[in-house]
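Here the structure is laid out as C-alpha cells; the discussion comes afterwards.
Residue numbers (our numbering), protein chains in the order written: chain Z, 1 to 164; chain L, 165 to 422.
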C-alpha cells in the first residue's frame, strides 16, 4: 500500500521558500514522522532551482512543480490543482492563510466536498491516525475539531503566524 | 435588476461593548456594511433586493430590520436540519435556496462573520453556483447592462475589474454604525412579513445539510488560559519585603516564606 500524503500548496508564483511555506513544511514533517506520511510541496509558477532545493532542507520528501510563465488567476490555479488532486488523492492539504490561499482552499474543498478548517493554530493526530485541528476562536477560546473521514481528502487552512 | 444579499445574525455582545441598549442579536457588521452599499445603489438604478439568512427562527427580527431599512424581500432559511452546519453544509443550503430564487443578477455578501471568522462561505457559494467571485470589493463603480465594474483589493494594490453578471461579490469592510430606523417603517415591515423556507421548500438533501453534512466536527472547546501562579501581596516592614525579594532572587520557594 502506498503511503498517504500531506500536501503543502505554495501560494506565490515565483517565491516558494518564504517563511510561511517553510514553517508549514516543518510542521508537516513532524506530523509525517508520527503518522507515517509523505510530505509533498506543490508549486505552480516559475521558480528558481535553488529555492526548490531549499524545500528539501526543511523536510519535504517530494516537490511537484507545474511550470507556468504567466501569472495565474484564482480560477486558473484551481483548475490545475483540481487535476493534480484527482490523480494523486492526498490525505490532507495545507494552505497558507493569505487571501489567495483562503480562496483556493474554499474553492477546492467545495469541489471535492472535503472538510475545511480556517485559521488553524495547531494540528495533531489522534489514536486512529486522524487529524485533529485546533483553531482560535474569539474571546480566546480554543476549538478542537475533528475532520470526519467521509471523504479521503481533507483541506486545512493554516494560519502559520500562530504556529510555533 | 435582482440582487440577493446574504446576512447573518450575530450576538450583540460580540459587536457592542454596552449591549444593554441593543437587542440580543444584531446584523453581522460586515454584512451591515455591504447592505448599506447595496441600498445606496437604489438611488441610481431600479433594483429589487432580497435578503436571505440562515439560522434560528429568532433571526426573523433581523430580516424585519433589513426590510425596514429598504430591502424588498426577506427570506429566512430555518430548519432543525440546517443547524450545526460548517462551511461546506452552509454553502450547500444557501446555494440551493439561491437556485430557487431565479433570474438574479448579483449576489452580495459581507467579508466574513464576526463569530466564525472563516470568510470562506463566499468562495464556496460561488463554486457551487458556478459564477465568478470577486472578494474584498472596495466599491461598485458602475453597473452596465450585463456587467458590473468594481474596485477590489488584491493584496497590496487595488484592481478595477469588469465582471459579467450574474456574479458574487463580497465587500471588504465593516461598520458598527447603526442606522436609525423609524418605528413606522418597522411596523410596515412587520406587516409585510418575511418568507420562511423549510428544508422541504428548497428540496435539500438532509444528509448533506446541517451537522449531518458537515465534514468537520467540534470535539470540544476549552479555555486556553494556563495560570501559572497567583499574585502575592507582601505586607509588613521594609525588611520583610526585602527578604521576600531576596528569596525570589535566590530562587527559594516563595510559598514557604509566607
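All residues carry an ideal CB built from backbone N, CA and C; glycine is no exception. Small disclaimer: the values here were computed from a predicted structure and weren't measured.
Item checked: Rounded distance between the beta-carbons of residue 335/L and residue 275/L, thought under 8 Å -> Contact annotation, residue 275/L with residue 335/L: C-beta distance approximately 6 Å; criterion of less than 8 Å satisfied.
Next item on the list: May I ask you to report which of helix, strand or coil DSSP gives residue 189/L?
Entry: Assigned with DSSP and collapsed to three states, residue 189/L falls in strand.
Next item on the list: Go ahead and label residue 300/L buried or exposed: buried means 16 or more other beta carbons lie within 10 angstroms of its beta carbon, across all protein chains shown.
Entry: Residue 300/L is classed as buried because its beta carbon has at least 16 other beta carbons within 10 Å across all chains shown.
Note to self: Can you tell me whether residue 172/L is buried or exposed? The criterion is at least 16 other CB atoms within 10 Å of its CB, across all chains shown.
What the structure shows: Counting Cβ neighbours within 10 Å, residue 172/L comes out buried, since at least 16 surround it.
Margin query: Closer than 9 Å between beta carbons: that is the criterion. Which residues of the stretch 103–118 of chain Z meet it against chain L?
Written below: Of all residues in the stretch 103–118 of chain Z, only 103, 104, 105, 106, 107, 108, 109, 110, 111, 113, 114, 115, 116, 117 and 118 place a beta-carbon less than 9 Å from a beta-carbon of chain L.
Note to self: Can you pull the chain Z neighbours of residue 299/L, defined as C-beta to C-beta under 7 Å?
What the structure shows: For a Cβ distance threshold of 7 Å, residue set 103 of chain Z lies close to residue 299/L, ordered along the chain.
Notebook entry, point to check: Could you give the uninterrupted runs of the alpha helix (DSSP H) lying entirely in the stretch 292–379 of chain L, keeping only those of 4 residues or more?
Noted result: For the stretch 292–379 of chain L, the full-length alpha helix (DSSP H) segments reaching 4 residues or more read 347–356, 363–366 and 374–377 along the chain.
Note to self: Taking 8 Å as the threshold (beta carbon to beta carbon), is residue 283/L in contact with chain Z?
What the structure shows: Output row for residue 283/L: interface = yes.
Notebook entry, point to check: With a CB to CB cut of under 8 Å and the five nearest residues on each side skipped, what residues in its chain are close to residue 296/L?
Noted result: 290, 327, 328, 331 and 332, listed in sequence order.
Check: Among 308/L, 227/L and 403/L, which residue has its Cα nearest to the Cα of residue 192/L?
Finding: Minimum Cα distance to residue 192/L is reached at 227/L.
Next item on the list: Give the secondary structure of residue 118/Z by DSSP, where H, G and I count as helix, E and B as strand, and everything else as coil.
Entry: Strand, per DSSP.
Next item on the list: Going by DSSP, name the residue or residues bridged to residue 398/L.
Entry: Residue 398/L has no beta-bridge partner at all, per DSSP.
Check: CB-CB under 6 Å to residue 10/Z, same chain, minus the five flanking residues each way: which ones, in chain order?
Finding: Only 16, 21 and 43 meet the Cβ criterion.
Note to self: Helix, strand or coil, according to DSSP, for residue 165/L in the structure here?
What the structure shows: Residue 165/L: coil per DSSP, three-state reduction.
Next item on the list: Starting from residue 262/L, find everything on chain Z with Cβ-Cβ shorter than 8 Å and list it in chain order.
Entry: The contacting residues do not exist; residue 262/L stays about 14 Å from chain Z at best.
Notebook entry, point to check: Which partner residues does residue 218/L have in the DSSP bridge list?
Noted result: Answer is 241/L.
Item checked: Beta-bridge partners of residue 212/L, as assigned by DSSP -> Answer is 166/L.
Next item on the list: Can you say whether residue 169/L is buried or exposed, counting buried as having 16 or more other CB atoms within 10 angstroms of its CB?
Entry: Under this definition residue 169/L is a buried residue.
Check: Which bits of chain Z does residue 292/L rub up against, with CB to CB less than 7 Å?
Finding: Taking a Cβ-Cβ cut-off of 7 Å, the neighbours of residue 292/L in chain Z comprise 110, given in sequence order.
Checklist line | Sequence-distant residues of its chain with Cβ nearer than 6 Å to residue 235/L (five each side left out) | finding: Counting only Cβ-Cβ distances below 6 Å, and skipping sequence neighbours, we find 213 and 215.
Notebook entry, point to check: Can you name the residues of chain Z whose CB is closer than 8 Å to the CB of residue 172/L?
Noted result: Here the premise fails: no neighbours, minimum Cβ distance about 14 Å.
Check: Candidates 347/L, 369/L and 375/L: which alpha carbon is nearest residue 250/L's?
Finding: Residue 250/L has its Cα closest to that of 375/L, out of 347/L, 369/L and 375/L.
Margin query: Strictly by DSSP, which residues pair up with residue 175/L?
Written below: In the DSSP secondary-structure assignment, residue 175/L is bridged to 189/L.
Note to self: With a threshold of 8 Å between beta carbons, is residue 79/Z in contact with chain L?
What the structure shows: Cβ-Cβ to chain L under 8 Å: no for residue 79/Z.
Note to self: Please classify residue 415/L as buried or exposed, where buried requires at least 16 other C-beta atoms within 10 Å of its C-beta.
What the structure shows: The residue is exposed, with fewer than 16 neighbouring Cβ atoms inside 10 Å.
Notebook entry, point to check: Using a C-beta cutoff of 8 Å, does residue 18/Z count as contacting chain L?
Noted result: At a cut-off of 8 Å between C-beta atoms, residue 18/Z does not count as an interface residue with respect to chain L.
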